[in-house]
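The structure appears below as structure tokens.
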Amino acid sequence: MTAIIVSGHGQFSLGLLDAFEMIFGKDEEIVAVPFLKGEGIPQLQEKFHKEIDKFKEQEILILVDVFGGTPYNAATQLIYGNKNIDVVTGVNLPLLLEGAGLKSQPLNELIQSLRAVSQESFKVFSEQIEKLQATNEDKEEDEL
């Protein structure tokens, strides 16, 4: 079972975890590590280390908000060389929900599944309407 740590700037990770729990319920293997104003990499790494220690017998996926941001840098510096922990950027609610549902997969498979979900969850309303209209037009033509 893979544990998931969510991190990001400000209260982002706490809000994301709260939204996740509204939908999915509480999961003891999914935690938030916020990067708050006034903190630096050492303080954030200390918080990461505390959570990583809880799950040291498991694989761990760290989901962060932005590539190259402080949460990303703190996590990657801390876990460099550890094959049981990896970091993925661009976390959002669909990604976290999917990750929770697939955390029984090995870490590398979980990451590949999340890569596909990330691409599939990006939707543009106007494009969806065009597809729907085209489908309806095709159905009307078939009926004639």
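Residue numbers (full-length UniProt numbering): 1 to 144.
Idealized CB from N, CA, C, for every residue including glycine.
If you're wondering where the values come from, they're calculated on a predicted model, not measured in any experiment.
| Mind checking whether GLU51 and VAL31 have CB atoms under 9 Å apart? | Taking 9 Å as the Cβ cut-off, GLU51 and VAL31 qualify as a contacting pair.
| task | Determine which residues share a DSSP beta bridge with GLU59 and list them. | result | Per DSSP, THR2.
| field | Burial state of TYR72 (16 or more Cβ within 10 Å) | value | With a threshold of 16 other beta carbon atoms within 10 Å, TYR72 meets it and is buried.
| query | Per DSSP, PHE35 forms a beta bridge with which residues? | reply | For PHE35, which the question treats as bridged, DSSP gives the partners HIS9 and GLY10.
| query | Using 8 Å as the threshold, is the segment 15 to 26 in touch with the segment 73 to 89, meaning 3 or more CB pairs across them? | reply | Counting Cβ pairs under 8 Å, fewer than three are found: no touch.
| field | Euclidean distance between Cα positions of LEU102 and LEU95 | value | One C-alpha to the other measures close to 10 Å.
| Do GLY10 and PHE35 have their CB atoms nearer than 9 Å? | Yes, Cβ-Cβ distance for GLY10 and PHE35 is below 9 Å.
| CA-CA distance, SER113 and PHE55? | When rounded, the distance between both Cα atoms is 22 Å.
| query | Below 9 Å between beta carbons: does that hold for VAL88 and ILE129? | reply | Result no, Cβ atoms of VAL88 and ILE129 do not sit closer than 9 Å.
| Endpoints, the alpha helix (DSSP H) within which VAL117 is located | Where VAL117 is concerned, the enclosing alpha helix (DSSP H) stretches over 107 to 120.
| Cross-strand partners of ASP86 (DSSP beta bridge) | ASP86 is bridged to LEU61.
| Rounded distance between the beta-carbons of ILE60 and ILE85, thought under 8 Å | 4 Å between Cβ atoms; contact.
| For THR2 versus GLU29, is the C-beta distance shorter than 9 Å? | Pairing THR2 with GLU29 gives a Cβ-Cβ distance under 9 Å.
| task | Tell me, to the nearest whole angstrom, how far the beta carbon of VAL6 is from that of VAL91; I am working on the premise that it is less than 8 Å. | result | Sure, about 6 Å apart at Cβ, within 8 Å.
| query | Which value, in whole angstroms, describes the spacing of the CA atoms of HIS49 and ALA134? | reply | About 52 Å.
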